[in-house]
Structures are given as C-alpha cells and as structure tokens.
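Protein chains in written order, with this note's numbering: chain A, -2 to 608; chain B, -2 to 368; chain C, 142 to 568. Note that the Cβ used here is the ideal one computed from N, Cα and C, for glycine as well. Heads up: the structure comes next, in structure tokens.
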C-alpha cells in the first residue's frame, strides 16, 4: 500500500511534467462536400446541404432537377439528390446535387400522393412524412370499429384540443359498440359519425399533411379512399391584451395577439359587414406561415387588391416569420429610409383604415398588422387622433410636425450656425458659447458626433436592461453622462440641450419605423451642415424632398395629397370635425367616395321634441 | 418626327409653381441692380411693361399652339419649318437653355460666395449644387415639378417675410421722381427686358404633359401675372429702402433687404436664414432648365432615354458656369445677354414661326381643338 | 440588384470623390472660439494719411466682468473686453495688422457701433467708410456715432457697470433714444445711403465722455438756468455711473461734419421728421413765471409735408399733430381746471413747438445748408425725371426754401390729478 501511495504521489508529481494523451471528445465539424460519403443518403432525415466551395462546373448539372423519379424506388423517402461523380483534372470529386426545395418535392410526388385504400400503407406514408419513430410529436391512435374495420387517428401532440378528439371523434366512433340497437347504421358515412363542426374529405397526402400541421386531426377508416380532416385546433396562445406601444387614453384597450383567427375575429367584431372578406395565403416554403388579407369588397379599389395579391403570391423564400420580414419582401422600395407600409397593433385603427378603402395584411404569429397603401400623413397620425376633439388633435399634430422637423434638422442646424454663420447668433449667446467652448478641445462636429453616439448607446443599452431598472438607468445615465461630459470639458453645455431635444423629438414621432429612418437621416444632415453650412442643409433638404416625392406605396405616390395634388381630405394636418369629413381619401380611388352625407348630424336640422 | 420622351403628366398647380419659380429666381440675383441702374425710380413699373409684353408674346405662342392641336412647341417647329430647320432650331433652344442654366448657376455661386461663404472655392460649391441637379434631372420632369410645388410655398413665404420684416426702413417717397430717367428709356428697357420673362416658353415646350391647351393658357397667364407682381413689389421695396442711388450699387438688393432686418437685439442679422429660400429657388430653376436642355437635345436626335446623357451635360454646365471670370463680367456681359437680349431668340422664333404658319396656311392634324 | 465588382468599383470611386468634398469644403468653417468679436470700432486721425483704428473685443475669460479692479491698463483690458489700437492706412489693413498680433482672428460681424472722432469727421469720412459697407462681414446694422475728443479715449471708458455683457449695454443704450428723443438712432445703412443721396444729408449721433466735473460742488451760484439748457455731450451735470454720454445730433454736409444740434434742437428735428417717439418737455408756465410745466409728448403719426414751387422758390408746408399728457405742474394752483384753459395751454404749446422747429430748420439752412430734414423727397415729386432732378441740385438750393408749419397739439390726459390741491402749511 505504501508503495502504491508513494507511487501515486511521485507519479502524480511526475505527471505534472510529463506529456499525456488526453481523451477529448471530437467536436462536431460539418464535413466538406468532397468528404461526403455516398451512402449517407440512406440515413433518413440527414440532409446535408452542400457547402460553398463547389466548382462552377457542377452548377449546370444541378440546374435541371426535378425528375428524381428515378430515385423513388420502394420507399418514399425524403429526397436526397445522390452525389454525382465528376472527373476533373484527374481528381474524383463528388458533387452532390442541390437538394430539392419542398415545393419541388411536393410536385414530384403528385402521383404518389393519393390516399390509398388500406390502413397500413396510409399509416406508412404518414409515419415517414413526419419521420415518425424519431419524431415524437405525431400521435397515431389506431382503433377498430364494430364492423371490424380498422382505422386510425393521426394528430400532432400539443396542437390539438384533446377534449374534442376524445369527446367528439373517438367517442362517437367507438361508441358504435354500444349503439348496436340505436339508429346508427353501420354503413353511415364517416362525416355523420364524427361530431366536430368542420370536416373536410381530402384525397391527397399533401393537403392532409398540411392540415395535420395546422392542428387538425386526420381520421381514416378502412375502405375509404379519402382521409377525413376534423377541426380540432387547440394550441396554447396568448389572450387578447392591452396594446404595448400604441397606448391611448380614450379608446379600446384591445390589441392584436399572435393567433391569426383571433385577430380576424377582433376585426369582425368592429366591422360587422358581410362584405368584409378574408383571403389566405401560405408564405415561406419551409415554414408555411399563413397570411391573411382583409378588405371590404365593393369599397376597395380592385387594382390595389390585385397588386397586393400578386405580390404576396410571388414571394419565394424560406421562411417568413415576422411581420418585418414580410414588409421587407413586399414593399416598393427597400432602400428608402421612410416606411411605405403602416404597421399597427390596434384593431380599431386597422378597421378605420379598411373602411377607407385600404387592405390589411395579417401574418400568423405576429400581433402587428400591415396596412397598405399609405401616404406620409398616415405615418404622422397617432391612434388617439380620432378619439379626441378636433382642436386638440390639430394642436398635437402641429407638435408632431415640429418634432419631425427638429429631429431631422436641429443638430445640423446648430452645427451650421456655429461654424459658418456666427453673425446670426445674438451677441450675448455667442459670447456665452465662446466662453463655454474655451475649455473644450474638440471642434464642434466631433462634439456633436460624440454626444449623438453617447445618446444612441444609452438607447440601445436601455432596451437590453430588463424591467424597471432599464428605464431608470436610461434617464440617470443620460443625465449623468451629460453632466459629467460638461464638467470634464468634453462637450459644451449647449450641445447637451440640443442632443436631448433631438432625442425627445425622435420619441415624439408616432411611428416606430419612421423614427428609425429619421435617426439615420439626421446624420446625413449633420454632415451636410458641417461641410457646407446652410447651403449644404438646403441642398440636403431638396434631396430629401426629391426622395420623398419619388416614393410610391403600392402604386400611390407617397406624398399624395401634396404632390400630385388630389382632393384635400379633411384629416391631413388639421383634423376637421368628424361631421365634416365627408369623403374618403381621393388618392385611393375607392369605389364609393362619399362616406357620409353633407349633414351627418341630422338631429341639428330637426326640432327637439319638447320645444 | 420629334418624338415625345415619356414625361408623364403634371398638374396645373405644379406647372404653375415650376414656371413661376424659374422666373422669380432672378429677383434674388442681380435683377434689381440691373433694373434700377437702367431705369432708376421707374424700375417698378418698367417691369410691368415687360410683363405686359410677355403676356402678349405668350398669347401669340398660345395661338400658334392652337393651330396645331396636341402638339407641343418643338413638334410645331418641325411641322412648319420642315425637319432640318425645325430640328436645328430645337437644338439652338437646347443650347440656350443649357447656357441659361450654367450662367444662372455661376451667378448664384458668386453671390453665395459674396454673401455667405467667401472662402470656399467656387468649384466645390458648383460641384455640390450639380450633384443635386443631377439627381433632379435623373428623376425627370414629374419629380422636378412636384418638388417645385412643395417648395414653392416656402419660397413665396420667405420672400414675403423679407419684404414684410424690412418695413421699418421703407420710405416710399424715394420712388419720386416718378418718371425715372425718362419715359423713353423706361419703355425701351421695358420692352427689352421682356427677356426676363421669356422662360415661360417652357410651358409651351412641355405642353403635352399639361392637361389641355386651355389649362396651358391659364397657367401661363397666372405665372406671368404672379411674376410681374413679385418683381414690381420687390423693386419698389428695394427702391424704398435704398433709394435709386444705393439700390443701383448693391449687387443683390434682396439680400441687402434681409440684412437690414432689425427688431430688437435678438432679431437682427438673420440674413442667413434666407439662404434656404434662395437655394431652393435656384436649385429648382437650374435643374428645370438643365432638364429642358437635356430633353430638347434628346428630342432632336430621337433618344428615348435621357439618363446616359446626364454626365456630359453636367460637364457642359460646369464649363458654362466657369466661363465668367468675375462678377462684373457676369453682370455686364452674360446676364445682360440673357435678361436683355435673349428675347430676340426666344420671343422672335415662335412669333416668326406663327407668321410663317399663317402665311403658308399650315394647320395641325385635327381641325377641332381638343378640350 | 447584382453587385458585381465593376459596379462596386465605380460606385466606391464616385463616393470617394464625394467624400473629398468633405475634406475640401471646410474652408469657411470656423469655430466660434477661433474668432474674437469686435463690439466697438473707433476711427481717429493718425499721422499723415493714416488712420488710427481702435477695436474693443470681448474676451472669453470666465467669471468676471464689471470689476475694474483687475484691469491692466497697459494691455487694454477693461471689464471683460480688450481694447487695442493700431495705425494703418485703411480699416481692413488695420484688421490685418492686428490679426498678426492677436492670437485669434478679429471678426467684425458683431460690431455694434462705430465711433468717429470729431476731428476725423470734420475732414470727411467718405474715404474710409467704404470697407464698412462693401465688406461682407460688417453688418449694416451698426450705429454711427461721432465723439468729441479722441475715439480711443472714448472707448477706453466704455465699460458695462450693470451687467456682464457689454453688447447688451450698448444695444440697450440706443433704446433710450426712443424714450427721450435726446439723440437719434442712426444705422450705418441709412448713413451710407444718404451719403450719396440727392434727396437729403446724413446725420450721426453725438457722444462724449463726461468727466463728472460739470456738477457744481456747491449750489451757491444762483444763475437762473433756463428750463432746458443747451448742452453738449459730456456736459450733463451729473456724477456717478457710466461716463459715456450721448446727446445731440451731428450734421453732415456730404461726408464732412459741419455742425451739431444740441439736445433740444435734436428733439425738434426728430419731431419734424417723424422719428420722435416720446419724451418729456419742460416749458415755462405762462401763467406763473418761474414755474414749469412738464409735458409728456408723443408724436401722432408722421408729419404731412407738401412741397411746391412758386416762382422757382420751393415752398414747404409741414402739418403735424402731437399728443400731450401733462406730467407735472409745479404751481399747484387750479389754473388748468376747465377746457378753455386747456385750449389756451394748447395754443401756447403750439407756438412753442412751431417756433422751435422753425428755428432749427433755419439753423440748418443758414449756417450749414444741409437738408437733414429730407425735404428733398417731397421736392422730387415736382420733377418728372431723375435727370431734371439731379440737374436742379436740391442740395444747393436748400437754403432758399421757405418753410411753414401747422402744428396741432392735443392735450389728452393729465395724469392722476384733475384738481391738484395746494399744499397747506401753517401760513
């Protein structure tokens, strides 16, 4: 023992200075394309997309793809294009073919897609489609009816309401046993046995799989040539809550939630009109997200509608998960700094826009709705504008337009003024600024850029810090940073005020995307002012106007009321009283222009009852 | 046939704003100086005489266009004078407009250097300006007219503000003696200076983008009347503030008016704000004339896309703007040609064409006038 | 949009060119603390043909101003400003020379007043006035003053005692012109325009330093001083406060100073030209000699002037209306109890003012032949063309003009009292 102990100590000490081979597990490295072995394709579910480094020769070969019908031997497997062996400069390189996209796969399988008439092969198809033994989400419930026919239920765990399946599908099906002396006949069609509210008989596996993915249940009984889909959607979702960004005092406190059906319902509760139409689209080839457009048939201009549908149908991309992605994919000019599509999370605002002749686009999984087409003034309206009295709204809009101008122009104006046009500043202020700047070593443009950078940092940091701490830190951080910077003679005090005012004006803008665009634009104006003073600012302003005038939002010029001049509505800058707003916006060319007769308050024309 | 390049339609108000701004811009330059130097205290109604002549000229152009319905001025030239001479005339117009743009640009830059930014080299200012001109010409007539419409209100507001704020210094007795340097001089200068209003012919050139001939008449008359009123009032105010002696000395009378604004110790020396107003007006005027020159050239040679020609024309404009060596040359040679004698080209050509058309009995396609 | 190499190269080269604008375009950009701003410019005669220019510039040291204790006379520091004098051939040259001595560039864009010494003004300011108006930096809104003595000494006493900012002081002191009417407020713009104007002659404000030795130490001298003594600037009997004083108008003929009007004459001048705003007049009480009545006078509109020619002699008629409020009646008797008495007082006031104005006009005609009343504007209406008017040469013919005044005074209010009660004592 002692020897071993000794050995242990000595060895341990020796081990410290000797080399040992250690057992480290291998880390995962995605193999290069030419290391791929050809029998890997037999393993199901392993698709290895080829990495970049492919010689361009292989591309032509991969171009013409879809008939891999040669591949479909016995098993309908997920398609993996086999590696093609190419001789190039004596080297054998295996270049796998580009994997097929889901739509190609689907179209290739059309003839193999039909529902079979026996339970086992249908089961087999479904299991392999969902990679069933590994994928634990697919639940298959087999049963046999009283007439000895077998059948199965297939659904995705978690997407369905188990209650409905138990009570209204399984119970009536299996209750046949005890209902032998009831009026149920054995040869009844399946639709009459199953008790759910919405059933569809589908004959192709593609549609069946889509429906299972949505949360419906597939029911099949032996002998049928179709699969019955029952509506059993019941997944977890967030309820209707108060809006988070567009907060109003005097209005409804409901906002959209993630579920598409809930959102459409919220709209239907406001617009109880039979002409309110919802159309569905599937976007994204791997994600298959549902997208709905809502409009008022008979009011909306059919050309606008056609354009919206055309754009939505012709998007080919991988996945569209967030509304921002959808916006980027369908907007007119992706390089413009100003958004040309309005996004809102309030149903009442959406309803108001639909009733003016616009189209609302809702994406499943997003509580924000897009409204097209819009003009510049729509970006400056807030949600509360219609609820307040008209003079309050008009005054608030004036404040917002001032905020817009200040947010873009103020730092550039200050810079141009203090570097080029000293004579415009009143003398006392000038001397005061000069006294403050005596101790500051940087030129004005560096000061401005430093303070702007500091402010942007505070904003970004404030977003990431959770909870209440974030707000407090933001305010205190700004104050302390400003104070400290002034005391340390890095910036002059006037600049703190300028930057704070600019930041505040930015927050005062009602539209989130617009505020972002303006943050970027502000820097362009700072540079223009620093280079050429007021001349530069004026040139930059003309360029901005040119850019705005050229923007189009779904066919309608963005500055529509101003240029080109269309009939001035009553709700642009000055909001006229509600009973004077007689026409819908002219630039949308709605089918029905007049929204209320000339006298909306008919009670003013009548004598009251008791007089 | 000289074909139309796709220019789209512009509305009445936009056309009005565009052409008015092009005509009015010169009041910020040396227009008051030249006018007061020539006609003294009668400058303010001498310009009204010019306006009346310009209206007469515009009516003649309208009659010419009425004879050839649905054709604009260049197509009329070609119809009356034949292809070769017609196109040559259009080419001359194109060169004239380019020259106009270049000289206006050089005048603007020189005045900017004098009043605002004395140390920046001229080339830098011209280059900055030409970038914006290129962007505007790239977008085309619709874009320019919409920008003109939006900025028109700002320009007029700025002009009115200068005139109103300088009121404490006005003394309208300085407009006496009423006849200036004599009625003969006044009338002769008045007729010669019709050239200041002759850019209204742009309306005839873009006639197919307006909506109908009647609209053209209304817009043209409105432009001329507005421009006449503005010039007359501005000249009267410059005379009232500075008398005919000093008014004939200051390079840019309107800028000097903005320099004497004084309301309290806070509100003085605000002339830098009016830089915005002149820059807006100048950008629109120079871009529009540049674009017209470009599109005229394209129509001579049947080029449908004007965008590739932007760069060469920009260089040409830069060259024209570097022609004058100093301010004195600008005032006495170049601008004097544009605002004093160009009427012999711009006014005389359509009038001669009208005479020829009437003598030779040429008329346009449809006998009935369209709306 | 495919971004292949070639487009990328072209675009980046173009962007680089544009960025060069940023490097080369900052010629005009000057930081505020790169310049010092001259608040006052003084012009004196130098030796030979040169002029001496004095600049008072504002400094940027913190936390001072108003203390004259720490000012170092030899470096010209004076309560937040620095005064320097240089001798050069012209104004711009003087700035250039001073720039090589001072560590920052001197800028004239905030200059509030320009002071010519009387000696210099009498020789003619025309030669050196040009840079002030032709040069872009100098605003047209400077005031023009002529001072007695040397401008250098005047500026050395120019400090602000009330607040820290000298420019505020200077600007506010010119507002007093509207309050009292003792001196006119003349802008450089008007001054320059009228230099070459055939209609009128120009004026400037008269100013000087008061050495506080006019106030008699004892009041044993019993001279009866008239209610409104004629004073020159620098002679106001006072002590304490700022030494700088503005009183009276300087009359120019062409560009040479030919004389001055004292403060009372100035007020009549301002009334006649319609530039008078308000002021307090002290006149002899007609009903009780030795006592005074103080009137608060405001001009009611601009006087209407008609000018005609009769037999080649210009006849000018002025019609004015002034509004009077009685501010004080030293004798507390109830003389002015009834409207009839008011009418009498009004007539007295009217004669007082008309004769005053006519005296001033005569003085300008006879002594200096200088039309500072701008009657030329009205005479010009009688000529058809500018050539005729210029040939006539109004400036020479000014002394032949015959002027008549029709002045209406209107006493509207008398302050708080209607019936002042006599003061009772035991007598």
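Against residue i, what residues of chain B qualify as contacts under a CB-to-CB distance less than 9 Å, listed in chain order?
| i | result |
| --- | --- |
| residue 525 of chain C | 174, 175, 176, 179 and 180 |
| residue 337 of chain C | 240, 242, 243 and 246 |
With a 10 Å radius around its C-beta and 16 neighbouring C-beta atoms as the bar for buried, classify residue i as buried or exposed.
| i | result |
| --- | --- |
| residue 90 of chain B | buried |
| residue 395 of chain A | exposed |
| residue 388 of chain A | exposed |
| residue 69 of chain B | buried |
| residue 118 of chain B | exposed |
| residue 154 of chain C | exposed |
| residue 76 of chain A | Confidence at residue 76 of chain A is low in this model, with a pLDDT of 43, below 50, so the placement of that residue should be treated as unreliable; the coordinate-derived value is given next. Buried, since its Cβ has 16 or more Cβ neighbours within 10 Å. |
| residue 571 of chain C | It is not possible to answer for residue 571 of chain C, since the shown part of chain C is limited to 142 through 568. |
| residue 190 of chain B | buried |
| residue 8 of chain B | buried |
| residue 260 of chain A | buried |
| residue 308 of chain B | exposed |
| residue 241 of chain C | exposed |
| residue 566 of chain C | exposed |
| residue 206 of chain A | buried |
Going by Cα to Cα distance, which pick from the options is closest to residue i?
| i | options | result |
| --- | --- | --- |
| residue 248 of chain B | C:274, C:425 and C:439 | C:274 |
| residue 428 of chain A | C:187, C:532 and C:248 | C:248 |
| residue 445 of chain A | A:138, A:488, A:506 and A:483 | A:488 |
| residue 357 of chain A | A:386, A:253, A:523 and A:432 | A:253 |
| residue 261 of chain B | B:168, B:211, B:163 and B:121 | B:163 |
| residue 649 of chain A | A:470, A:290 and A:485 | Examination of residue 649 of chain A is not possible in this model, given that chain A is present from -2 through 608 alone. |
| residue 272 of chain C | C:255, C:260 and C:286 | C:255 |
| residue 293 of chain C | C:452, C:177 and C:223 | C:223 |
| residue 338 of chain C | C:494, C:328, C:396 and C:451 | C:396 |
| residue 420 of chain C | C:355, C:408 and C:514 | C:408 |
| residue 544 of chain A | B:315, B:141 and B:301 | B:141 |
| residue 277 of chain A | A:340, A:292 and A:377 | A:292 |
So residue i contacts chain B; which residues on that side make the cut at Cβ distance below 8 Å?
| i | result |
| --- | --- |
| residue 518 of chain C | 168, 170, 171 and 173 |
Quick check: is the beta carbon of residue i nearer than 9 Å to any beta carbon in chain D?
| i | result |
| --- | --- |
| residue 534 of chain A | Absent from the structure is chain D; the protein chains it does hold are A, B and C. |
At a CB-CB cut-off below 7 Å, which residues of chain B make contact with residue i?
| i | result |
| --- | --- |
| residue 330 of chain C | 257 |
| residue 408 of chain A | Residues of chain B passing the Cβ test: none, with the nearest at roughly 17 Å. |
By the criterion of Cβ-Cβ separation under 9 Å, what are the contact partners of residue i in chain A?
| i | result |
| --- | --- |
| residue 147 of chain B | 542, 545, 546, 556, 559 and 560 |
Against residue i, what residues of chain C qualify as contacts under a CB-to-CB distance less than 9 Å, listed in chain order?
| i | result |
| --- | --- |
| residue 440 of chain A | 170 and 172 |
| residue 112 of chain B | 277 |
Give the interface partners of residue i over in chain C, defined as CB-CB distance under 8 Å, in chain order.
| i | result |
| --- | --- |
| residue 427 of chain A | 173, 178 and 251 |
| residue 28 of chain B | Chain C residues near residue 28 of chain B: none, gap ~20 Å exceeds 8 Å. |
| residue 116 of chain B | 168 and 169 |
In chain A, which residues lie less than 8 Å from residue i when you measure between Cβ atoms?
| i | result |
| --- | --- |
| residue 132 of chain B | 540 and 543 |
Query raised in the report: At a cut of 8 Å, does the region 296 to 303 of chain A reach the region 591 to 602 of chain A through at least three beta carbon pairs?
Result: Contact annotation: the region 296 to 303 of chain A does not touch the region 591 to 602 of chain A, with fewer than three C-beta pairs closer than 8 Å.
Query - Contact residues within the region 519 to 530 of chain A, judged by C-beta distance below 7 Å to chain B - result: Close to chain B, meaning a Cβ-Cβ distance shorter than 7 Å, are the following residues of the region 519 to 530 of chain A: 529 and 530.
Query - chain B contacts from the region 525 to 540 of chain C (Cβ-Cβ distance under 9 Å) - result: Cβ contacts with chain B come from 525, 526, 527, 528, 529 and 530.
Query raised in the report: For the 8 Å Cβ check, are there 3 or more pairs between the region 278 to 296 of chain C and the region 179 to 192 of chain C?
Result: Three or more Cβ pairs drawn from the region 278 to 296 of chain C and the region 179 to 192 of chain C lie within less than 8 Å of each other, which places the two stretches in contact.
**Report entry** the region 45 to 62 of chain B in contact with the region 271 to 278 of chain B per 3-pair CB rule at 8 Å
**Finding:** Not touching, per the Cβ criterion.
Query - contact_flag[the region 514 to 528 of chain C, the region 161 to 176 of chain B] where n(CB pairs < 8 Å) is 3 or more - result: Touching, per the Cβ criterion.
Requested in this report: Would you check if the region 533 to 544 of chain C and the region 504 to 515 of chain C touch, i.e. whether three or more CB-CB distances between them fall below 8 Å?
Outcome: Touching, per the Cβ criterion.
Query - Three or more C-beta pairs below 8 Å linking the region 311 to 320 of chain B and the region 122 to 133 of chain B - result: Taking a contact to require three or more Cβ pairs closer than 8 Å, the region 311 to 320 of chain B and the region 122 to 133 of chain B qualify as touching.
Query raised in the report: Is the region 5 to 22 of chain B touching the region 138 to 152 of chain B, taking contact as three or more C-beta pairs under 8 Å?
Result: Short answer: they touch.
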